[in-house]
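Below you'll find the structure, written out as structure tokens, and then a few comments.
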Amino acid sequence: MRKILVFASKELYTAFRDRNLMLLMFATPLVLSTIIGLAFGGIGGNGDSELPDFADIPVAVVNLDEGVDTQEVITLPDQFANLDALPFDPGDLASAFNQAGLGPDQLSQDGTTLNFGDQLAAILLSQPVEGTGTTTTEGFDLAELGCSLLDESETIGPSSLAAGGTLDDLLDATSVDSADQARAAVDNGDFAAAVIIPPGFSRRIMPHFAFDGDLRLRTQPPGEDGAVEVYANNGRPISARILHSLVAGIVNQFVRVSVAIGATLETSVNTLASSILRGDIDLSTVDLPASVAALQELDATVLEPLGCLITPGANNITVAQPPLEHIQEAPRFARTIVPIGASQAVFFALFTGVFGIHSIYEERKYWTLQRLIVSPTPRIFLLAGKLLGNLVTVFLQILILLAALTLIASVVIGQPTLIWGTNFAAIIIVTLALALCVSGLGVFVVGLAKTPEQVNLFGPMINISLAVLGGAFGFALPEQAARFSLIYWGVDAFMQLANAQTDVAVNLLVLFGQGILLFLVGAWLFKRRLDL
Amino acid sequence: MRLMVEARNLRKTYKRHDGSTIEAVKGVDLEIRQGEIFSLLGPNGAGKTTTISMISGLVEPTEGDASIGGFSITKQPMDAKRLMGFVPQEIALYPDLSARQNLAFFGRMYGLAGKTLSRRVDELVEFVDLSDRQNDRIDTFSGGMKRRINLAAGLLNSPPLIYMDEPTVGIDPQSRRRILDTVKLLREEEGMTVLYTTHLMEEAQELSDRVGIMDHGEIIAMGTQAELTQQVGEEDRLEFTIGAQEVAEALLERIQQETVGVTRILHNPPEQLSDESSESTPSRLTVFAKRGRTALPQIIQNLDAAGVEIQSVAVREPDLEAVFLALTGRALRD
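Heads up: the protein sequence lines correspond to chains A and B, in order.
Positions in the first sequence are counted from 1; adding 4 to them yields my numbering.
Positions in the second sequence are counted from 1; adding 632 to them yields my numbering.
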């Protein structure tokens with residue numbers, strides 16, 4: 005083991021003393037990243053709360069939701085499939101409500117619909133949210149619903165969605181008629197993403213009920229159709245992610261309303277039915293007109309608890325807030341240099357990986373390898389020392405580049421800025437995974453090649469291909485293709501960490517898995533290089 | 633005396649790209665006694681380096697085995713390697729490290745550490761007289777200085793046996809003299825066994841207790857210098873360079889019959905250097921005679937009478953070159 009460390013130390017020492025290698029390992033990626041960062045990110049901090057890159061994200065909103073006709077909701081036989089099983093005639097109940105002016109007949113005449121798609125689209129388009137829920141012949145505006153859980157500083161409504169700014173600042177939403185048209189516009193780069201609200205969205209949100217065998221009302225699971233689609237442009241991954249979080253938050257809000265309504269109705273109806281069945285309530289003695297009158301006197305404040313559920317931004321869009329806040333806080337140069345710097349660091353580390361291992365040919369040429377083989381050192385130790393030395397070199401290279409880029413970014417921004425985030429443990433683990441993968445690829449390439457000339461030819465070719473796939477040259481290929489590049493996984497992980505997200509498990513799994521596989525196969529192939 | 637190296641039927645076959653095979657070493661048997669300087673002498677391509685590579689564990693033999701101090705190089709390689717030092721023909725050093733760093737690194741790979749390593753490095757830079765340059769990078773050294781550090785690196789583990797593969801190639805006469813003296817010193821003061829390969833007859837003659845002459849992958853003769861020269865008798869060699877001229881067989885027969893003491897004559901006709909070139913090597917005549925200096929005037933007279941222009945003449949007493957020539961019909965330098 006000591007000899008492995010001695011050999012690995014020698015590798016590190018010689019690598020970090022080689023001026024030409026230093027230029028390739030550090031100077032080139034740093035200079036490139038800084039130039040590109042300055043070109044696209046500018047000098048200095050943000051200055052104000054505007055969102056230079058993530059403000060006015062162009063979004064197409066397609067609302068194909070036809071809503072739910074209240075008639076369908078209210079028509080009991082349609083809604084409750086096994087209504088015939090009840091021990092009394094539901095028609096009698098409906099007639100009683102009709103006589104009181106609160107029955108299905110009155111509601112059906114209004115022809116009103118509940119359309120959650122309209123509300124989602126209105127939020128995204130920063131238009132007033134107008135409700136169409138109807139309790140009687142008079143409608144009320146959902147936006148009027150207050151929430152006592154919010155303090156005065158929190159604005160109720162769509163504007164509270166974007167911390168530090170308004171949703172209107174964040175999104176530049178345009179209503180588009182057709183889904184295909186919106187997708188084509190996204191593909192063309194006119195929009196960062198399209199939110200497509202499909203037909204049946206409201207139907208999916210609306211709770212559905214049925215009586216079970218014990219004649220108890222049960223909420224039914226929603227159908228498969230009706231899920232909102234966020235169609236994103238791969239060249240705008242952050243914008244797409246922001247939008248996705250936003251839409252998910254709002255839709256979750258609707259779902260909460262739906263679940264709350266379903267649960268309330270389920271409990272109420274079951275309690276009512278039990279009371280009727282037990283004879284606790286005599287329908288003939290109920291003064292329906294008086295009850296209806298009492299209901300009509302209710303105003304929106306009575307529904308305040310419901311308002312907390314459906315008030316946008318009140319208490320249930322927290323998923324979108326942390327990354328948004330962080331992105332908005334990050335200076336523009338930092339946001340630019342993170343993806344560029346990370347991709348350049350990994351790209352140049354690929355060369356260190358291949359040519360570090362390739363130095364075995366140099367050792368053979370200078371006969372130092374032969375001298376080592378003649379020493380009482382097992383060949384496997386020499387192999388392990390070489391690989392360990394390369395792994396540590398690549399690891400240090402990436403880590404030093406990250407540190408240097410932090411320094412450069414701090415100088416450019418004018419204040420100390422941790423551009424890679426503050427989760428240092430995660431940064432080190434991602435770097436280690438990348439180093440393993442990069443070094444493993446180097447071992448694999450050198451092991452596969454039959455001659456040093458083949459390494460010189462195929463090494464750069466493979467590295468450049470991975471860089472193109474992984475987006476290291478400033479343009480992005482479709483994500484499906486990019487996923488084949490370790491650069492994609494590394495850069496994605498660093499960007500997530502920079503955005504204070506910690507969900508890099510998949511990235512680590514891919515990088516470690518790929519690295520270990522390449523290392524093992526490569527080491528097996530590479531062992532032949534020690535046979536003289 | 634105890635055997636330090638024993639090789640039995642060492643054979644090495646390489647595969648060519650076209651699938652055919654080439655036998656570089658064809659069943660070498662070798663015994664080297666402890667404290668002996670043994671030289672493998674032969675022209676370039678004779679198989680000396682391949683043989684030494686197999687004995688040192690650098691190359692795996694296709695067939696046969698060698699043992700070092702009783703340890704098989706194929707079955708107990710680590711034990712065998714602990715007993716040997718290796719000085720390859722090439723400068724096996726890291727050019728971008730200093731002399732001291734090189735020695736320290738290779739010392740660690742031999743298991744030395746701490747003060748023992750530091751002391752040994754001090755001794756060796758002193759031994760090769762490079763103390764004042766020990767912290768300079770190897771790529772700033774002259775060829776002779778590199779050779780000396782290369783030699784020092786082979787001595788790090790104070791081995792009882794050292795392999796030296798043509799250690800004087802490409803250096804100036806002064807550095808060569810220093811290395812030859814060092815080899816003798818190692819045997820005399822350290823009692824080291826030396827296996828030395830060279831294509832230079834003079835080095836083999838000066839250093840060796842015994843010599844093995846190799847050609848075409850085989851040891852064609854082995855013994856002390858006296859034993860080997862006895863194989864060609866007491867004859868002197870008269871070497872004539874006669875330019876690019878053909879010599880008639882009849883003339884050579886007449887010289888052999890008429891000149892007293894002449895036993896045989898070898899004629900190396902001129903050879904064209906390449907297909908493209910009109911230049912050729914000079915034609916040479918080697919005449920073996922019991923009293924060479926006495927026979928010389930008559931031979932010159934005969935050649936002169938036949939119109940052969942003599943460019944130079946050398947009289948050589950029996951040596952390893954003569955042995956090689958007698959055994960192969962070629963000079964070592966060919």
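Quick reminder that beta carbons are idealized off the backbone N, C-alpha and C, glycines included.
Fair warning: this is a prediction, and the values are worked out from it, not measured in the lab.
- Linking Ala453/A to Ala724/B through their CA atoms gives a straight-line distance of about 25 angstroms.
- Counting only Cβ-Cβ distances below 9 angstroms, Tyr742/B has contacts in chain A at Ser379, Pro380, Thr381, in chain order.
- With the rule of 3 Cβ pairs closer than 8 angstroms, the stretch 837-854 of chain B does not count as touching the stretch 691-701 of chain B.
- At a Cβ-Cβ threshold of 9 angstroms, Arg808/B and Asp761/B do not count as neighbours.
- For Phe428/A, no Cβ of chain B is located within less than 9 angstroms of the residue's own Cβ.
- DSSP places Asp847/B in the strand class (E or B) of the three-state scheme.
- For the pair Leu788/B and Arg752/B, the CB atoms are nearer than the 9 angstroms cut-off.
- The Cβ atoms of Tyr370/A and Glu722/B sit closer than 9 angstroms to each other.
- The beta carbon of Gln374/A falls within 9 angstroms of a beta carbon belonging to chain B, placing the residue at that interface.
- Of the residues assessed, Ala502/A falls on the buried side of the cut-off, its CB having 16 or more other CB atoms within 10 angstroms.
- The stretch 729-746 of chain B makes no contact with the stretch 391-402 of chain A: fewer than 3 CB pairs, one atom from each, lie closer than 8 angstroms.
- Only buried fits Ser489/A, as 16 or more other CB atoms lie within 10 angstroms of its CB.
- CA-CA distance, Asn467/A to Ser347/A, rounds to 12 angstroms.
- If you check the CB distance, Met499/A and Val350/A do not come in under 9 angstroms.
- Counting along the chain, Ala698/B sits inside the beta strand (DSSP E) bounded by residues 695-700.
- Among the residues facing chain B, Arg339/A is not included, as its CB has no counterpart in that chain under 9 angstroms away.
- Contact annotation for Ala724/B against chain A: Tyr370, Trp371, Thr372, Gln374, Arg375 [CB-CB distance below 7 angstroms, chain order].
- Straight-line measurement puts the Cα of Ile417/A at about 45 angstroms from the Cα of Phe737/B.
- Under the DSSP assignment, Gly389/A falls in the alpha helix (DSSP H) whose first and last residues are 383-417.
- Of all residues in the stretch 20-41 of chain A, those with a C-beta nearer than 9 angstroms to a C-beta of chain B are Arg21, Asp22, reading in chain order.
- Cβ neighbours of Ala958/B within its own chain (closer than 6 angstroms, five residues either side excluded): Val864.
- Contact between Phe337/A and Gly41/A holds: CB atoms are separated by about 6 angstroms, below the 8 angstroms threshold.
- With a threshold of 9 angstroms between beta carbons, Arg714/B makes contact with chain A.
- For Ala731/B, the enclosing alpha helix (DSSP H) covers residues 731-741.
- For the stretch 348-364 of chain A, the set of residues with a beta-carbon nearer than 9 angstroms to any beta-carbon of chain B is empty.
- A distance of 9 angstroms or more separates the beta carbons of Pro33/A and Leu400/A.
- Contact annotation: Met686/B and Val657/B have beta-carbon atoms nearer than 9 angstroms.
- The C-beta of Val10/A comes closer than 9 angstroms to at least one C-beta of chain B.
- Going by C-alpha positions, Asp797/B is about 19 angstroms away from Ser774/B.
- Under the Cβ criterion of 9 angstroms, Ala785/B is counted among the residues facing chain A.
- Segment contact: the stretch 941-955 of chain B against the stretch 866-879 of chain B, three or more CB-CB distances shorter than 8 angstroms; contact assigned.
- Bridge partners of His649/B according to DSSP: none are assigned.
- Within 8 angstroms of the CB of Lys454/A, no CB atom of chain B is found; the nearest one sits about 11 angstroms away.
- Looking at the DSSP output, Asn900/B shares a beta bridge with Arg916/B.
- A residue is called buried once 16 or more other Cβ atoms fall within 10 Å of its Cβ, and Asn641/B, having fewer, is exposed.
- Residue contact check for Lys7/A against chain B: a CB pair falls below 9 angstroms.
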